[in-house]
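Novice: Residue numbers (my numbering): 22 to 318.
1. May I have the straight-line CA-CA distance separating residue 298 from residue 283, to the nearest angstrom?
2. Step through the CB atoms of chain C and report whether any lies within less than 8 Å of the CB of residue 184.
3. With a 10 Å radius around its C-beta and 16 neighbouring C-beta atoms as the bar for buried, classify residue 230 as buried or exposed.
4. For the alpha helix (DSSP H) holding residue 285, just list the boundary residues, first then last.
5. Rounded to whole angstroms, what's the CA-CA distance from residue 246 to residue 275? Just pull it up for me.
6. Look up residue 172 in the DSSP assignment and give the residues it is bridged to.
7. Helix, strand or coil: how does DSSP classify residue 137 here?
8. Assign residue 160 to one of three DSSP states: helix, strand, or coil.
9. Between the alpha carbons of residue 160 and residue 146, how many angstroms are there, rounded?
10. Does DSSP classify residue 48 as helix, strand or coil?
11. Please report the residue range of the alpha helix (DSSP H) in which residue 229 lies.
12. Is it buried or exposed for residue 190, if we count other Cβ within 10 angstroms and need 16 for buried?
13. By the DSSP assignment, the beta strand (DSSP E) with residue 255 in it spans what residues?
14. Mind the definition here: the stretch 161 to 175 touches the stretch 250 to 262 only if three or more C-beta pairs lie below 8 Å; say whether that holds.
15. Does DSSP put residue 182 in a helix, a strand or coil?
16. Quickly, what does DSSP pair residue 203 with across the bridge? List them, please.
17. Report all residues from its chain with a CB closer than 8 Å to the CB of residue 89; omit the five preceding and five following residues, and keep chain order.
18. Tell me residue 269's beta-bridge partners as DSSP assigns them.
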């Protein structure tokens with residue numbers, strides 16, 4: 022199995038001490054994130070495809086695929102290292118009017134068919150393929166219609182249209198706010214890793230690999246940061262116009278694993294999960310609070 026690790030059952034948010042339920046940042050009190058370990062995102066895709074195949078063999082009808090709408094499917098969030106914002110996914114100011122050629126919209130979070138995405142890519146760009154109920158799949162565009170990506174525990178060179186596996190995609194250069202390396206260096210980083218697999222790998226998912234190629238930061242690698250009890254990373258999840266919830270993590274790798282889990286289960290499930298947790302936490306606080314005491318006679 023090499024570098025593949027055992028999948029752990031995810032704890033519900035009710036079992037995890039997290040940030041202040043109001044979404045306000047305060048210095049006191051624990052705001053602790055959980056380190057999640059998953060199998061490869063490609064394994065999840067393969068498992069879903071196997072389930073669909075079984076259903077078809079049994080004569081079951083598959084629901085008609087729904088058009089992918091980032092605003093409905095994706096979770097708005099920000100990532101902070103101490104007080105610095107290092108990642109942000111937000112629809113604020115995003116022009117999502119339908120694109121005449123592709124129907125994908127004109128904003129940064131808009132998605133395009135693989136064929137139309139090719140017309141927008143330049144060597145060194147990061148590409149993110151997205152689909153409902155699947156982990157996002159990241160790749161590095163290296164030119165000549167090809168990408169390098171981590172696929173089934175091996176770094177491979179594929180045509181972009183093959184790597185997409187029918188999913189829509191976007192150029193994801195803007196999500197992380199680190200200073201990128203030169204395009205030539207990004208391409209070289211990616212191509213030098215082609216053929217690495219199993220125990221040779223330093224990344225647990227396609228996003229960490231692609232981001233490392235573009236930014237060169239060890240934080241994206243397995244064990245790239247010491248876990249010494251501090252929680253310097255914060256994942257702030259937007260629940261509504263005036264509500265957010267924050268989780269803290271020891272490493273960027275841990276945080277990315279949780280962020281990707283949220284992408285996989287979808288916006289509605291994340292909001293429901295967190296809302297249930299926050300409501301339970303507020304009810305527990307009310308039960309613990311004895312209320313104003315009357316003066317002794």
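Idealized CB from N, CA, C, for every residue including glycine.
Specialist: Answer, in terms of the structure:
1. Locating residue 298 in the chain shown gives position 277, counting from the first residue. Locating residue 283 in the chain shown gives position 262, counting from the first residue. Whole-angstrom Cα-Cα distance: 15 Å.
2. The displayed structure is made up of one protein chain only, and chain C is not part of it.
3. If you number the chain shown from 1, residue 230 lands on position 209. Burial call: buried.
4. The count along the chain shown starts at 1 and reaches residue 285 at position 264. 273 to 286 is the span of the alpha helix (DSSP H), which, as asked, contains residue 285.
5. On the chain shown, position 225 is the one that residue 246 refers to. On the chain shown, position 254 is the one that residue 275 refers to. Near 10 Å, if we compare the C-alpha coordinates of residue 275 and residue 246.
6. Within the chain shown, the letter at position 151 stands for residue 172. DSSP lists no partner for residue 172.
7. Taking the chain shown and counting its residues from 1, the one referred to as residue 137 is at position 116. In this structure, residue 137 counts as helix in the three-state DSSP scheme.
8. Counting from one through the chain shown, the residue named residue 160 turns up at place 139. Correct three-state label for residue 160: strand.
9. For the purposes of this step, residue 160 is taken as residue 139 along the chain shown, with counting starting at 1. For the purposes of this step, residue 146 is taken as residue 125 along the chain shown, with counting starting at 1. One C-alpha to the other measures close to 9 Å.
10. Working through the chain shown from its first residue, we reach residue 48 at position 27. Below a pLDDT of 50, predicted positions are generally treated as unreliable, and residue 48, at 33, falls in that range; no measurement from the model is reported.
11. Position 208 of the chain shown, counted from the first residue, corresponds to residue 229. 227 to 236 is the span of the alpha helix (DSSP H), which, as asked, contains residue 229.
12. The residue given as residue 190 occupies position 169 in the chain shown. Taking all protein chains in view, the Cβ of residue 190 is crowded by 16 or more other Cβ atoms within 10 Å, so the residue is classified as buried.
13. One-based indexing of the chain shown puts residue 255 at position 234. If you look at residue 255, you'll find it in the beta strand (DSSP E) that goes 254 to 259.
14. No, the stretch 161 to 175 does not touch the stretch 250 to 262.
15. By one-based count along the chain shown, residue 182 stands at place 161. Residue 182: helix per DSSP, three-state reduction.
16. Counting from one through the chain shown, the residue named residue 203 turns up at place 182. Looking at the DSSP assignment, residue 203 forms no beta bridge with any residue, so it has no partner.
17. Within the chain shown, residue 89 is the residue found at index 68, counting from 1. When the five nearest sequence neighbours on each side are left out, the beta carbons in the same chain lying within less than 8 Å of the beta carbon of residue 89 are those of 132, 151, 152, 153 and 189, in order along the chain.
18. In the chain shown, counting from the first residue as 1, residue 269 sits at position 248. DSSP lists 255 as partners of residue 269.
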